[in-house]
Amino acid sequence: MLQVENLRAGYGASEVLVGASLHVKQGMIVALIGANGAGKTTTMRAISGMIKPTQGTVLLNGKAVQGMSASQIARLGLAHAPEGRKVFGPLSVEDNLLLGAYHRLPGFLGFHAMAAPDLEKIYNLFPRLRERRLQAAGTLSGGEQQMLAIGRALMADPKVILLDEPSMGLAPVIVQEVFGILRRLKEQGITLLLVEQFAKSALEVADYAYVMDHGRIAVEGTPAELHRNEKVIAAYLG
Amino acid sequence: MNSLIIAQMAVSGALMGLVYALIAYGFQLTFATSKSINFGQGELVMLSAFFSLTLLNLGAPYWLMIPGGLLFGVVMGLVVERACVRLTLEQKSEGWILLTIIFGLLGFSAAENIWGRDDRPFPSPISSDALHILGINVTPVEISVAIGVFAVMGVIELFKRKTLLGKAFEAVSADRDAAELMGISATHTIMLSYGLSGMVAAMAGILISPITTVGPTMASALILKAFSVAVVAGLDSGFGVVVIGILIGVLESLTSYYLGSGWRETPGLLLLILALAIRPNGVFGKVSIRKV
Ligand SMILES: Nc1ncnc2c1ncn2[C@@H]1O[C@H](COP(=O)(O)OP(=O)(O)OP(=O)(O)O)[C@@H](O)[C@H]1O
Ligand SMILES: [Mg+2]
């Protein structure tokens, strides 16, 4: 579903990714772990078009999308819930969710009725968002904002979701809640690339994992294989 | 008797103030999406007024001239975005400041060459015979200014709140990168904001011209006050520009009555200086104009 080959990207003159390759098959959760500054967020940005890769290919459902703008790639079915959540602070929770489905709803009228069944699904998954549907997103707690960021990505009904550090800045209980949601979504068959500091939790939900180091993939394998790899254990799972 | 004169001055001042508010609102629209404004907006008002006058002179009925003039404003707004703003924003430069000023200068010369230097009357089917309301004289033309300003701002605010495209507009204002990730094209949204801003400027020209006449110099008279309103009110509150616009309009009208019309620019300028010194975010604003 998502195939990344030999991706190179960076910021201005500084090159961060020096040839990263990874695959996410349909219906799979794939974890991308690695130390701070390894280039995980940069990988996601280069895939979703927030920065332009200087080399390499990104295939989304077989279609080459590298070099397209972020909005074009999003319309082709990639939803990226970025690092730091980036909800639209002044807009209501519900408006944030509706904007998640922007590219498949009519622009003027009737969009609310058309989105109602999907909104309902999101509210069932995150009951707290329903309670706060008219509240400004910027006034939500960190955990609620993360739920909103995930819900907004789901609203796109995407082929692939990129989720960057959903646990960032959250209390351990809330982190567990977020991982519980990811497990439920996995049962429903979503396709997800997950970046996570909590490597252990990430490997528990993932079907496959990549370990990134200095802008390239250092190790890859199923969670069971990584659990047998001493270097990985020492660096990330110790 | 004296208080009646003051009330009279206040009412006509307030109506002028609404036009300043409308132009300032045009600044807010583009600042929201792109953190840029058109420094040649006054010339855009003037060019749209001349264009509308030409439509009338060619025999277009008044009610057809309005959409024609507004369309001209939209096109000019899009020209400004394409020619003066987009490339410089892509380079992350502030070159748009210089380029939009140049647009204004070119617009001024073009108007002088095409339509001449003289101020011209702008006919309107709406009567300018004063009505007496509570002892104050108000003309239907003046009332049409108030109705026009609130209608345009009201329609745009409704658009922003009630349609998905409008919410996308707000999303780009709040976080451009995140909006792109939703499939919203920031480029198209910025174009939309410049188109709307041009339309608002054209509306201001069409509304004010029957009262002030049309001439190449009308731009500079309007733009200084519109800037004062935008800076004093802040660049993110539509309600704020209406309040401050009325305030500056009233002060200006009273000043020119008591001190002579040579002093009429003073209150706007004083408030502008005060605002920049004390509250650069504007009385109603969260965003600093210094970010421009
Ligand atoms: N906007 C930017 N401009 C310049 N350099 C950047 C930018 N963002 C990240 N970098 C640099 O790119 C490198 C990789 O950063 P990246 O954010 O991809 O790491 P990460 O693996 O996501 O780390 P973390 O786990 O801390 O989120 C770092 O050295 C960082 O300093
Ligand atoms: Mg990161």
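Chains as they are written, first to last, in this note's numbering: chain A, 253 to 490; chain B, 4 to 295.
Every residue gets a Cβ at the ideal spot worked out from N, C-alpha and C, and that includes glycine.
These numbers come from a predicted model, not from an experiment.
Can you give me the start and stop residues for the beta strand (DSSP E) that residue i sits inside?
| i | result |
| --- | --- |
| residue 267 of chain A | 266-276 |
| residue 332 of chain A | 330-333 |
| residue 26 of chain B | Careful: residue 26 of chain B lies outside any beta strand (DSSP E), inside the alpha helix (DSSP H) at 5-37. |
Which first and last residues belong to the alpha helix (DSSP H) in which residue i is found?
| i | result |
| --- | --- |
| residue 149 of chain B | 143-165 |
| residue 425 of chain A | 424-439 |
| residue 63 of chain B | Unbroken run through residue 63 of chain B: none, as it is neither H nor E. |
| residue 398 of chain A | 394-407 |
| residue 481 of chain A | Careful: residue 481 of chain A lies outside any alpha helix (DSSP H) and carries neither H nor E. |
| residue 256 of chain B | 241-262 |
| residue 197 of chain B | 189-215 |
| residue 375 of chain A | 363-377 |
| residue 229 of chain B | 221-236 |
| residue 456 of chain A | 451-457 |
| residue 40 of chain B | Run containing residue 40 of chain B: none; DSSP gives neither H nor E here. |
Under a CB-based cut-off of 8 Å, is residue i close to chain B?
| i | result |
| --- | --- |
| residue 369 of chain A | no |
| residue 384 of chain A | no |
| residue 416 of chain A | no |
| residue 264 of chain A | no |
| residue 319 of chain A | no |
| residue 403 of chain A | no |
| residue 334 of chain A | yes |
| residue 347 of chain A | yes |
| residue 340 of chain A | yes |
| residue 431 of chain A | no |
Can you give me the Cβ contacts of residue i inside the same chain, cut-off strictly under 7 Å, excluding the 5 residues immediately before and after it?
| i | result |
| --- | --- |
| residue 318 of chain A | 305, 308, 309, 310 |
| residue 162 of chain B | 169 |
| residue 457 of chain A | 281, 431, 434, 435, 438 |
| residue 328 of chain A | 312, 315, 317 |
| residue 253 of chain A | 276, 277, 278, 313, 411, 412, 443 |
| residue 183 of chain B | 189 |
| residue 194 of chain B | 81, 84 |
| residue 271 of chain B | 227, 228, 231, 251, 255 |
| residue 141 of chain B | 14, 133, 134 |
Measuring only from the beta carbon, is residue i closer than 7 Å to any heavy atom that is part of ligand 1?
| i | result |
| --- | --- |
| residue 263 of chain A | yes |
| residue 300 of chain A | no |
| residue 286 of chain A | yes |
| residue 454 of chain A | no |
| residue 290 of chain A | yes |
| residue 183 of chain B | no |
| residue 310 of chain A | no |
| residue 268 of chain A | yes |
| residue 472 of chain A | no |
Return the bridge partner residues of residue i from the DSSP annotation.
| i | result |
| --- | --- |
| residue 462 of chain A | A:284, A:472 |
| residue 309 of chain A | A:257 |
| residue 262 of chain A | A:267 |
| residue 413 of chain A | A:331, A:444 |
| residue 135 of chain B | B:140 |
| residue 388 of chain A | A:344 |
| residue 95 of chain B | Per DSSP, none; premise fails for residue 95 of chain B. |
| residue 181 of chain B | Answer by DSSP bridge pairing: none, since residue 181 of chain B is not bridged. |
| residue 315 of chain A | A:312 |
| residue 123 of chain B | B:217 |
Closer than 6 Å by C-beta to residue i: which residues in its own chain qualify, once you throw out the five before and the five after it? Chain order, please.
| i | result |
| --- | --- |
| residue 274 of chain A | 256, 462 |
| residue 447 of chain A | 284, 292, 416, 417 |
Is the CB of residue i under 8 Å away from at least one CB in chain A?
| i | result |
| --- | --- |
| residue 19 of chain B | no |
| residue 32 of chain B | no |
| residue 196 of chain B | no |
| residue 236 of chain B | no |
| residue 316 of chain B | Outside the displayed span of chain B (4 to 295) sits residue 316 of chain B, for which this structure offers no information. |
| residue 170 of chain B | yes |
| residue 178 of chain B | yes |
| residue 268 of chain B | no |
| residue 167 of chain B | yes |
| residue 160 of chain B | no |
| residue 97 of chain B | no |
| residue 212 of chain B | no |
| residue 173 of chain B | yes |
| residue 229 of chain B | no |
For ligand 2, I want to know if residue i counts as a neighbour, meaning its beta carbon is within less than 7 Å of at least one of the ligand's heavy atoms.
| i | result |
| --- | --- |
| residue 448 of chain A | no |
| residue 293 of chain A | yes |
| residue 465 of chain A | no |
| residue 417 of chain A | yes |
| residue 335 of chain A | yes |
For a contact meaning CB atoms closer than 7 Å, what does residue i contact in chain C?
| i | result |
| --- | --- |
| residue 185 of chain B | Absent from the structure: chain C. Protein chains present are A and B. |
What does a CB cutoff of less than 8 Å around residue i pick up in its chain, not counting 5 residues either side in sequence?
| i | result |
| --- | --- |
| residue 115 of chain B | 219 |
| residue 344 of chain A | 385, 386, 387, 388, 389 |
Report yes if the C-beta of residue i is less than 7 Å from at least one heavy atom of ligand 3; otherwise report no.
| i | result |
| --- | --- |
| residue 418 of chain A | Absence of ligand 3 from the depicted structure is noted, with ligand 1 and ligand 2 being the only ligands included. |
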